[in-house]
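Engineer: Take the sequence shown: its position 84, counted from the start at 1, is 85 in full-length UniProt numbering, and no numbers get skipped. In this text, a Cβ means the ideal position worked out from N, Cα and C, and glycines have one as well.
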Amino acid sequence: ATQRTFSIIKPDATKRNLTGKINAKFEEAGLRIIAQKRIQLTPAQAGQFYAVHKERPFFGELVEFMCSEPIVAQVLEGEDAIAKNREVMGATNPADAAEGTIRKEFALSIGENSVHGSDAPETAAEEIAFFFSGLELVG
Ligand code: CMP
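Right, here's the structure in full:
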């Protein structure tokens with residue numbers, strides 16, 4: 002079924018001017034970018050977005066990294082968009098990512114891994130609502 006997922010192009014990628022190359026990967030996979038904005042997160046915003054990870058040892062580093070440069074927040078729409086996006090992104094750790102995936106081609110490390118994508122329909126809905134109003138989703 003047609004689905005929506007939430008995506009972030011992370012600071013390591015915006016800094017290296019990779020927004021267009023990453024968007025091309027999404028579009029080639031049949032994902033449509035139906036909302037997109039470039040913003041710079043505050044630590045409070047990044048901490049709230051990643052609240053589920055706040056007990057992890059890498060939480061502080063994650064928040065600091067996500068605020069270090071602008072990000073591009075986006076909503077992707079398509080057939081099985083959540084799974085399709087995860088396939089295009091590749092494994093979280095670029096060392097484990099398959100050939101042709103975004104993380105294989107562009108990610109620097111498990112932290113600086115170029116993109117975030119929702120892992121399930123419930124988190125997709127929450128993450129989309131965190132960044133976008135309904136009026137900003139133009140399918
Ligand atoms: P993301 O999908 O954005 O969700 C949580 C992020 O935490 C994850 O991608 C990784 O980039 C990051 N992360 C996971 N494990 C580590 C780690 N060991 N060190 C630093 N960052 C990590």
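Determine the closest residue to residue 95 out of 117, 18, 59, 77, with distance taken between C-alpha atoms.
Structural biologist: 117
Engineer: Taking its Cβ as the centre, do 16 or more other Cβ atoms sit within 10 Å of residue 86, making it buried, or is it exposed?
Structural biologist: buried
Engineer: If you draw a straight line from the C-alpha of residue 134 to the C-alpha of residue 89, how long is it?
Structural biologist: 26 Å
Engineer: To the nearest whole angstrom, what separates the beta carbons of residue 98 and residue 5, a pair I think is in contact under 8 Å?
Structural biologist: Here residue 98 is actually not in contact with residue 5; their C-beta atoms are around 24 Å apart, not less than 8 Å.
Engineer: Compare the Cα-Cα distances from residue 34 to each of 92, 122, 107, 73 and report the closest residue.
Structural biologist: With distances taken between Cα atoms, residue 34 lies closest to 73.
Engineer: Since residue 129 contacts residue 76 with CB under 8 Å, what's their CB separation in whole angstroms?
Structural biologist: 6 Å
Engineer: Measuring straight from C-alpha to C-alpha, what distance separates residue 26 and residue 67?
Structural biologist: 22 Å
Engineer: Considering only DSSP beta bridges, list what residue 8 is partnered with.
Structural biologist: 75, 118
Engineer: Is it the case that the CB of residue 63 approaches a heavy atom of the ligand CMP more closely than 7 Å?
Structural biologist: yes
Engineer: Given a cut-off of 8 Å, decide if residue 13 and residue 113 are closer than it, judged by their beta-carbon atoms.
Structural biologist: yes
Engineer: So is the beta-carbon of residue 93 under 7 Å away from any non-hydrogen atom of the ligand CMP?
Structural biologist: yes
Engineer: Could you give the distance in angstroms between the alpha-carbon of residue 83 and the alpha-carbon of residue 43?
Structural biologist: 26 Å
Engineer: What does a CB cutoff of less than 8 Å around residue 109 pick up in its chain, not counting 5 residues either side in sequence?
Structural biologist: 13, 95, 115
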